[in-house]
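> 139 is the number that numbering that gives the first Met the number 0 gives to position 140 of the sequence shown; each next residue is one higher, with no gaps. Just so you know, even glycine gets a beta-carbon here, dropped at the ideal spot from N, CA and C.
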Amino acid sequence: MSTEPVPGAEETAKQRWQRNFADLLQELRVAQTGVQILFAFLLTLPFSSGFPKTNAFQKDTYIIALLAAAAAAALIISPVAFHRALFRRGRKPEMVRFAHSMASGGLAFMLVAMVSSVLLVTDFVLPRPVAFVLSGLTAAWFLTFWAGMPYLRRNWGEPDEDDDEEPATGRPDAVN
């Protein structure tokens, strides 16, 4: 059964919540894969031959990266457990709101995990000032695409002044 709305057809609130939940789960699948790969890498790192050569700052950075990746994994995977607990109880709006909050929190922890992982590796192979600059640039890069651009483009669904077409969904009031 397709969750895509039929152009021109009205979508019920129940259908909209179902579509929103399906869309959110698709997004979480992508994020979950990324965080699991990073987490697996971080879990194996202390057992590699070069890890004993790390200094105290690098070990602290490693712990931050590891815990942030674990927190990101927990938050990004949590909508699955929530769905299992509320399956077929007519609670789709609550599940969508919860999953949205957990996905947002998971992405925030994933940002911390990614930046601290970059800091860990760059501090190991480059001078610390360079590592800080590269890690700062990494944070700025992620924030640009994960927060800045979505914020600046939050009105994409609204037609431009010179655009006579309706939004792609055909429903300007659709909840995404």
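Taking the beta carbon of Pro45 as the centre, do at least 16 other beta carbons fall within 10 Å, making it buried, or is it exposed?
By 1-based counting over the sequence shown, the position of residue 45 is 46. Pro45 should be labelled exposed.
> Alpha carbons only, please: which of Thr11, Phe40 and Arg18 is nearest the one belonging to Val117?
Walking along the sequence shown from the start, residue 117 turns up at place 118. Considering only alpha carbons, the answer is Phe40.
> Below 8 angstroms between beta carbons: does that hold for Leu74 and Met94?
Stepping through the sequence shown from its first residue, residue 74 is reached at position 75. Stepping through the sequence shown from its first residue, residue 94 is reached at position 95. No, they are not a contact pair.
> What's the C-alpha gap between Phe56 and Val129?
Residue numbering aside, residue 56 sits at position 57 when the sequence shown is read from its first letter. Residue numbering aside, residue 129 sits at position 130 when the sequence shown is read from its first letter. Each residue's alpha carbon lies about 15 angstroms from the other.
> Using only CA atoms, which one of Thr43, Val79 and His99 lies nearest to Ala176?
Nothing in the structure corresponds to residue 176, since the chain is present only between 0 and 175.
> Relative to the C-alpha of Ala68, which candidate in Pro78, Pro92 and Gln35 has its C-alpha closest?
In the sequence shown, residue 68 corresponds to position 69, counting from 1. For the residues Pro78, Pro92 and Gln35, the minimum Cα distance to Ala68 belongs to Gln35.
> Residues in its own chain within less than 6 angstroms of Val111 by CB, not counting five upstream and five downstream?
On the sequence shown, residue 111 is found 112 positions in, with the first residue counted as 1. Contacts found: Ala67.
> So Pro51 is in the alpha helix (DSSP H); what residue range does that whole segment cover?
In the sequence shown, residue 51 corresponds to position 52, counting from 1. No alpha helix (DSSP H) contains Pro51, which DSSP labels as neither H nor E.
> How close, in whole Å, do the beta carbons of Ala80 and Val114 come, if the pair is a contact with beta carbons under 8 angstroms?
Here residue 80 is taken as the residue at index 81 of the sequence shown, counted from 1. Here residue 114 is taken as the residue at index 115 of the sequence shown, counted from 1. No, Ala80 and Val114 are not in contact; Cβ-Cβ is about 27 angstroms, not under 8 angstroms.
> DSSP three-state label for Asn154, please.
Here residue 154 is taken as the residue at index 155 of the sequence shown, counted from 1. DSSP places Asn154 in coil when its eight states are reduced to three.
> Leaving aside the five residues before and after Leu23 along the sequence, list all residues of the same chain whose C-beta is less than 8 angstroms from its C-beta, in chain order.
Reading the sequence shown from its first residue, position 24 is the one you call residue 23. Excluding sequence neighbours, Leu23 sits near Pro78, Val95, Ala98, His99 and Ala102.
> Using the Cα positions of Met221 and Ala71, report the straight-line distance between them to the nearest angstrom.
Residue 221 lies beyond the range of the chain shown here (0 to 175); nothing can be said about it.
> Please name the residue, chosen from Ser48, Arg153 and Ile76, that lies closest to Val29 on a Cα-to-Cα basis.
Residue 29 sits at position 30 when you count from the first residue of the sequence shown. Among Ser48, Arg153 and Ile76, the Cα nearest to that of Val29 is on Ile76.
> Only counting the same chain, and skipping five residues up and downstream in sequence, which positions put a Cβ closer than 7 angstroms to that of Lys133?
By one-based count along the sequence shown, residue 133 stands at place 134. In the sequence as displayed, the identity of residue 133 is Leu instead of Lys. Same-chain partners within the cutoff: Val117 and Thr121.
> What number of angstroms, rounded off, separates the C-alpha of Gln31 from the C-alpha of Arg18?
For the purposes of this step, residue 31 is taken as residue 32 along the sequence shown, with counting starting at 1. For the purposes of this step, residue 18 is taken as residue 19 along the sequence shown, with counting starting at 1. Answer to the nearest angstrom: the Cα atoms are 20 angstroms apart.
> May I ask you to report which of helix, strand or coil DSSP gives Leu125?
If you number the sequence shown from 1, residue 125 lands on position 126. If DSSP states are grouped into helix, strand and coil, Leu125 belongs with coil.
> For Thr60, name the three-state secondary structure that DSSP assigns.
Here residue 60 is taken as the residue at index 61 of the sequence shown, counted from 1. Here Thr60 sits in helix by DSSP.
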